[in-house]
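Down below is the structure, laid out as structure tokens.
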Amino acid sequence: MSWIGLDCLLLNPDASRPVTPDLDHAELCQRALRLAGQLRGQNVQRVALYLEDAADLAIALLGAWLAGVQVLLPADAQAQTRLQLASRIDLWLDALDPAEAAEPLAARALDLDRCRLTLCTSGSSGEAKLIDKSLRQLSNEVEALERLWGETLGDAVIVASVAAQHIYGLLFRVLWPLCAGRAFLRHAQPFPEDMQRISLEQPAFAWVASPALLKRMGDNLDWTALQPLRQVFSSGGALPTEAAQLLHAQLGQWPTEIYGSSETGGIAWRRGDTPWQPFAGVKLGVNAEGALRLTSPYLPAGHCEQTADAVELQADGRFVLRGRLDRIVKLEEKRISLPMLEQALMAHHWVSDARLGVLQQGRAFLGALLALSPAGVHALRNQGRRSITDTLRRHLAGHCEAIALPRRWRLLSQLPYSSQGKLAQAAVEALLAAPRPTQVEPLSAVQRDGEWQLELQVPLDLAHFSGHFPQTPVLPGVVQIDWAQQLARQLIEQLPPRFVGMEVLKFQQLVRPGDPLQLSLRFDASRGKLYFTFRNGDKACSSGRILLGPAQ
Amino acid sequence: MSDLQLEIKHLIIEALGLEDMEAADIGADLPLFGEGLGLDSVDALELGLAIQKRFGIKIDAEAKDTREHFANVASLAAFVAARQSA
Chain A
0 MSWIGLDCLL LNPDASRPVT PDLDHAELCQ RALRLAGQLR GQNVQRVALY LEDAADLAIA
60 LLGAWLAGVQ VLLPADAQAQ TRLQLASRID LWLDALDPAE AAEPLAARAL DLDRCRLTLC
120 TSGSSGEAKL IDKSLRQLSN EVEALERLWG ETLGDAVIVA SVAAQHIYGL LFRVLWPLCA
180 GRAFLRHAQP FPEDMQRISL EQPAFAWVAS PALLKRMGDN LDWTALQPLR QVFSSGGALP
240 TEAAQLLHAQ LGQWPTEIYG SSETGGIAWR RGDTPWQPFA GVKLGVNAEG ALRLTSPYLP
300 AGHCEQTADA VELQADGRFV LRGRLDRIVK LEEKRISLPM LEQALMAHHW VSDARLGVLQ
360 QGRAFLGALL ALSPAGVHAL RNQGRRSITD TLRRHLAGHC EAIALPRRWR LLSQLPYSSQ
420 GKLAQAAVEA LLAAPRPTQV EPLSAVQRDG EWQLELQVPL DLAHFSGHFP QTPVLPGVVQ
480 IDWAQQLARQ LIEQLPPRFV GMEVLKFQQL VRPGDPLQLS LRFDASRGKL YFTFRNGDKA
540 CSSGRILLGP AQ
Chain B
0 MSDLQLEIKH LIIEALGLED MEAADIGADL PLFGEGLGLD SVDALELGLA IQKRFGIKID
60 AEAKDTREHF ANVASLAAFV AARQSA
């Protein structure tokens, strides 16, 4: 393996150098030169690239840069995004023609300062924010990454769970391996099982992942088989300590967490629950509010970027992150830091994750969206919801004024982060504003031999639990019957519309918040009977027949 | 417990977004502010507005005993009853 600088990738095509397992460097160069010829021929000045295939993205980037075309990487391909960006681009490219026959441009070195890339990020306000980078900034960063971890990775094939449209995926799963001569896989794999399956087809591999994946590894991975995993990278959001610990326990190595942003590129890294180590050349400071600011070889020269992340700088140059400072809200003229309260909530052993939002209902007040820890779920099942919310209110009372105590609580088994590990404030507030659930969403539904098998998880926060019963929440039998009928109506066509009655109804086992349930549904059309059984593992919970008849 | 007290309890829960509370959780003599139910000065404003709107009464801007009327559900019910018959 030999390093080729980002500016020299189109020089000296080398058929023995891998780009992906099915594409070599010579072919990459040839296709990039042809694409450059095509873009030049069409007089394209500005192109948007939305290519899910990371090899196609590499070809398109190099071709566009060679042709002197400015590149924009949209965050998504939604109609609204395309409309917003339409005035900034001449061409939206979301597929490459492998047989492109345009006359190729001559290869030459790329100009690190003239070649430009614009990244799009959703930004905290929801409005797309454009961030302009020079090739030099990207080049500085991939060279630093190779100096730190090139030796550890060696010839590992790069397997990724994140998209390449964002700075982290672009650097870690495309540009860095491309310069290093390390093969990468074309497509992102969002599920851990797919990451494993595809990884095990490679002799050696490393993962470019995000907290969204790493905290949902589940329990059906073959950790022994995954031992050749050379390194796991995580970025995009905070990785929960438990997720890092699980990887350490199973693989004998800590994931490498990267802290950074689209604006700054990588700022620092760490392995395990230690302070953050800035990348070489990154100079740190704090403003009057304690928020990190920095200069960096990955920023334009001389530019000092102010972040909204509170930090504690240590004497040895490392730092500890203390949450975002821009999520400060005003409730009735009082400033309240949501991150501070979230950290206080997460310090309670019943809570594994917490996000706060503001609700306006007569007055403004806070609501808390909580992911309960196993201990929290246990408390909920045995003491009821009021006991949880009262205890957490009292716990918080020591950290804040009464006005900041959450009045509304929504309890979940996990918070709904996006695949990039983000959870927009607007989404938090929408979830808090919504009423507690009364229905259940099936996790899966398969039909076998005329019978439907559904996997369900009883929502922790089901509205029915408050009255049934306040201290020991139990799923009411009538709700089980309602769910069976409602779910059957979604799955089975032409179910008679009218509920006529019940037969051989049996309730054998209590169903409680968070229980996994398997529901079997079978409709006997000749008798007009819907057979249902709820099971929790090997224990039958309830069963019966619902009699259905034609409309009257 | 009088119907009026019950109605006021429901009004407190509804107007202040106390969704985890039920009327039975609020004793007629439970202090509404500070220790007790733990309402704050903004809640007092909200509750004052809600009471006036629901029962079609006015809180006397000159009276010095408004605070005492809002001490608990029992005093609030007595205040509303007195104002309605006035």
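Those sequence lines, one after another, are chains A and B.
First residue of the first sequence: 0, per numbering that gives the first Met the number 0; consecutive thereafter.
First residue of the second sequence: 0, per numbering that gives the first Met the number 0; consecutive thereafter.
Every residue, glycine too, gets a C-beta built ideally from N, C-alpha and C.
These numbers come from a predicted model, not from an experiment.
Same chain, Cβ closer than 8 Å to A:GLY271, five either side skipped, listed in chain order: What you label residue 271 of chain A is simply residue 272 of the first sequence in a count that begins at 1. Excluding sequence positions up to five before and after A:GLY271, its CB lies within less than 8 Å of the CB of ALA243, HIS247, TRP253, all in the same chain and listed in chain order.
A:ARG16 - DSSP class collapsed to helix/strand/coil: For this step, residue 16 of chain A is matched to residue 17 along the first sequence. A:ARG16 falls in the coil class under three-state DSSP.
Distance CB(A:ARG45)-CB(A:ASP89) smaller than 8 Å: Along the first sequence, one-based indexing puts residue 45 of chain A at 46. Along the first sequence, one-based indexing puts residue 89 of chain A at 90. Yes, the Cβ-Cβ distance between A:ARG45 and A:ASP89 is below 8 Å.
Whole-number beta carbon distance between A:VAL281 and A:VAL310, since they are thought to touch under 8 Å: On the first sequence, position 311 is the one that residue 310 of chain A refers to. On the first sequence, position 282 is the one that residue 281 of chain A refers to. For a cut-off of 8 Å, the C-beta gap from A:VAL310 to A:VAL281 is around 12 Å, too long to register as a contact.
Where A:ARG323 sits in the DSSP three-state scheme: Mapped onto the first sequence, residue 323 of chain A falls at position 324. Assignment of A:ARG323 by DSSP, reduced to helix, strand and coil, places it in the strand class.
A:GLY125 classed as buried or exposed, judged by whether at least 16 other C-beta atoms fall within 10 angstroms: Position 126 of the first sequence, counting from 1, holds the residue named residue 125 of chain A. Annotation note: pLDDT 44 at A:GLY125 (below 50); position unreliable, no value reported.
Residue-chain proximity (A:GLU428, chain B), Cβ-Cβ < 8 Å: Taking the first residue of the first sequence as 1, we reach residue 428 of chain A at position 429. When Cβ-Cβ separations below 8 Å define contact, A:GLU428 makes no contact with chain B.
Straight-line gap, A:LEU603 to A:ALA31 (C-alpha atoms, nearest Å): There is no way to answer for residue 603 of chain A, as the model of chain A reaches only from 0 to 551.
Three-way DSSP call (helix, strand, coil) for A:ALA441 in this model: Here residue 441 of chain A corresponds to residue number 442 of the first sequence, with the count starting at 1. Sequence inspection shows Pro at residue 441 of chain A; the Ala mentioned does not correspond to that position. Here A:PRO441 carries a coil assignment [DSSP, helix/strand/coil].
Range covered by the beta strand (DSSP E) that runs through A:GLY36: By 1-based counting over the first sequence, the position of residue 36 of chain A is 37. Counted as a single uninterrupted DSSP element, the stretch harbouring A:GLY36 is not any beta strand (DSSP E) but the alpha helix (DSSP H) occupying residues 24-40.
Three-state secondary structure assigned by DSSP to B:GLU13: Here residue 13 of chain B refers to the residue found at position 14 of the second sequence. Note: B:GLU13 maps to helix in three-state DSSP.
Per-residue burial, A:LYS214 [other beta carbons within 10 Å of its own, 16 or more giving buried]: Along the first sequence, one-based indexing puts residue 214 of chain A at 215. Buried: at least 16 other Cβ atoms inside 10 Å.
A:VAL503, buried or exposed, once every other Cβ within 10 Å from all chains shown has been counted against 16: Stepping through the first sequence from its first residue, residue 503 of chain A is reached at position 504. Exposed is the call here.
Chain B within 8 Å of A:GLN470, Cβ atoms only: One-based indexing of the first sequence puts residue 470 of chain A at position 471. No, no contact with chain B.
When A:LEU422, A:ALA155, A:GLY513 are compared against A:ASN381, the one with the closest alpha-carbon: Against the first sequence, residue 381 of chain A aligns to sequence position 382. Of A:LEU422, A:ALA155, A:GLY513, the residue nearest in Cα terms is A:GLY513.
Status (buried if at least 16 other CB within 10 Å, exposed otherwise) for A:SER261: As a position in the first sequence, residue 261 of chain A is number 262, starting the count at 1. By the beta-carbon neighbour count (other beta carbons within 10 angstroms, threshold 16), A:SER261 is buried.
Under 8 Å between C-beta atoms of A:LEU410 and A:LEU459: The sequence position of residue 410 of chain A within the first sequence is 411, counting from 1. The sequence position of residue 459 of chain A within the first sequence is 460, counting from 1. With a cutoff of 8 Å on beta-carbon distance, A:LEU410 and A:LEU459 are scored as near each other.
Segment contact, 8 Å Cβ cut-off, at least three pairs: the region 305-319 of chain A with the region 23-30 of chain B: These segments do not touch.
Proximity test, Cβ basis, 8 Å: A:GLY125 and chain B: For the purposes of this step, residue 125 of chain A is identified with residue 126 of the first sequence, where counting begins at 1. Low confidence applies here, because A:GLY125 scores a pLDDT of 44, under 50, leaving its location unreliable and the question unanswered by this model.
Contact between the region 178-190 of chain A and the region 149-157 of chain A (3+ Cβ pairs under 8 Å): Look at the beta carbons and you see the region 178-190 of chain A touching the region 149-157 of chain A: at least three pairs across the two are nearer than 8 Å.
C-beta neighbour in chain A for B:ALA14, strict 8 Å: Working through the second sequence from its first residue, we reach residue 14 of chain B at position 15. For B:ALA14, the answer is yes, since a Cβ of chain A falls inside 8 Å of its Cβ.
6 Å Cβ shell around A:ALA374 - same chain, five flanking residues per side excluded: Within the first sequence, the letter at position 375 stands for residue 374 of chain A. HIS348, TRP349.
Beta strand (DSSP E) segments (min. 3 residues) lying fully within the region 227-296 of chain A: Look at the region 227-296 of chain A and you find these whole runs of beta strand (DSSP E), each 3 residues long or longer: 228-233, 255-260, 264-270, 282-285, 290-294.
Cutoff 8 Å; reference A:ILE58; Cβ partners in own chain excluding five residues on either side: Here residue 58 of chain A refers to the residue found at position 59 when the first sequence is read from its first residue. So the list reads LEU27, ARG30, ALA31, LEU34, LEU95, once near-sequence residues are dropped.
Spatial distance of A:LEU293 from A:GLY67 (CA atoms): Residue numbering aside, residue 293 of chain A sits at position 294 when the first sequence is read from its first letter. Residue numbering aside, residue 67 of chain A sits at position 68 when the first sequence is read from its first letter. If you take the alpha carbons of A:LEU293 and A:GLY67, they lie about 30 Å apart.
Simplified DSSP state of A:SER542, which is helix, strand or coil: Here residue 542 of chain A refers to the residue found at position 543 of the first sequence. The DSSP-derived three-state label of A:SER542 is strand.
Member of A:LEU324, A:LEU118, A:SER519, A:ASP21 whose CA lies at the smallest distance from the CA of A:PHE533: In the first sequence, the residue the question calls residue 533 of chain A occupies position 534. Of the candidates A:LEU324, A:LEU118, A:SER519, A:ASP21, the residue whose Cα lies closest to the Cα of A:PHE533 is A:SER519.
Span of the alpha helix (DSSP H) around A:ALA57: Taking the first residue of the first sequence as 1, we reach residue 57 of chain A at position 58. Per DSSP, the unbroken alpha helix (DSSP H) holding A:ALA57 starts and ends at 53-65.
DSSP-derived helix/strand/coil call for A:GLU200: Taking the first sequence and counting its residues from 1, the one referred to as residue 200 of chain A is at position 201. Reduced to three states, the DSSP call for A:GLU200 is coil.
Validate contact between the region 211-226 of chain A and the region 190-199 of chain A using beta carbons, cut 8 Å, 3 pairs: Short answer: they touch.
Beta-carbon separation (whole angstroms), A:GLU428 vs A:LEU330, contact threshold 8 Å: Residue 428 of chain A sits at position 429 when you count from the first residue of the first sequence. Residue 330 of chain A sits at position 331 when you count from the first residue of the first sequence. That pair is no contact at about 14 Å.
Chain-order list of residues whose beta-carbon lies under 8 Å from that of A:GLU304 (same chain, five-residue window excluded): Here residue 304 of chain A corresponds to residue number 305 of the first sequence, with the count starting at 1. Closer than 8 Å at Cβ, skipping near neighbours: GLU262, THR263, ARG292, LEU293, THR294, SER295, LEU298.
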